[in-house]
Amino acid sequence: MAVPIMPCAACKFLRRRCTNSCILLPYFPPSEPEKFVAVHKEVPVDDREDAVTSMVYEAKARLRDPVYGCVAFVSSLQSQVFHLQSELNAALAEAMALRAQLSEVFSTVICSQASPSSTSMAKACQDYCHDQQLTEGTNHNHNHIHVDTSNVMPLKSFYSLQCATMSHAGSTSFNGVVPACEWDPQQ
Numbered sequence: 005m006a007v008p009i010m011p012c013a014a015c016k017f018l019r020r021r022c023t024n025s026c027i028l029l030p031y032f033p034p035s036e037p038e039k040f041v042a043v044h045k046e047v048p049v050d051d052r053e054d055a056v057t058s059m060v061y062e063a064k065a066r067l068r069d070p071v072y073g074c075v076a077f078v079s080s081l082q083s084q085v086f087h088l089q090s091e092l093n094a095a096l097a098e099a100m101a102l103r104a105q106l107s108e109v110f111s112t113v114i115c116s117q118a119s120p121s122s123t124s125m126a127k128a129c130q131d132y133c134h135d136q137q138l139t140e141g142t143n144h145n146h147n148h149i150h151v152d153t154s155n156v157m158p159l160k161s162f163y164s165l166q167c168a169t170m171s172h173a174g175s176t177s178f179n180g181v182v183p184a185c186e187w188d189p190q191q
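Using the working numbering, read the sequence shown as starting at 5 and increasing by one per residue.
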């Protein structure tokens, strides 16, 4: 007479016939049905292929690095992200410094070319140069990058000012470059 077998938690939950050779029996014993219920709830049928792929990946990582497994790879990626963020911050800081230098050069050239008889042009240049000095004097952030664009002359206004200055001075080029007086940022 055959001894009746108690079905494993998986077979019992799924209402299947369980045998002595059931591959799920060691993992989901009949005395712990909550284990299978939790797994069945957390890994729905649609996600089982992803779960198996994940287990295979973790097993291969554990073969390569028996101590840390896939955690070593994750730590390496996090280190790379941190390094790349540092490089990006340095590049942004350098770009800001170059933009400030370029703005200073352009404002100096424009203000030096403005005619004293053109009071509105001279006033605009003085205001712009003064605003630039204030902006550069108050932006001393060492830990993070913050660009204050509230006092920066828009590019279209800059070109308009450059064109007006050149036409007033009788020049048609700026260091050999013809300005785009009809420049439209929307194009």
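All C-beta atoms, glycine included, are put in the ideal place defined by N, C-alpha and C.
If you're wondering where the values come from, they're calculated on a predicted model, not measured in any experiment.
Between A13 and E46, the C-beta spacing is not below 9 Å. Burial is judged here by how many other beta carbons sit within 10 angstroms of a residue's own beta carbon; P11 has at least 16 and is buried. Of the other Cβ atoms in all chains shown, 16 or more fall within 10 Å of the Cβ of F40; this residue is therefore buried. Of the other Cβ atoms in all chains shown, fewer than 16 fall within 10 Å of the Cβ of I27; this residue is therefore exposed. When rounded, the separation of the alpha-carbon atoms in L106 and L81 is 37 Å.
L102 and G73 have their C-alpha atoms some 45 Å from each other. Going by beta carbons, A55 and A65 fall outside the 9 Å limit.
Its chain contains P11 and C15 as the residues whose beta carbon lies nearer than 8 Å to that of R21, once the 5 sequence neighbours on both sides are disregarded; these appear in chain order.
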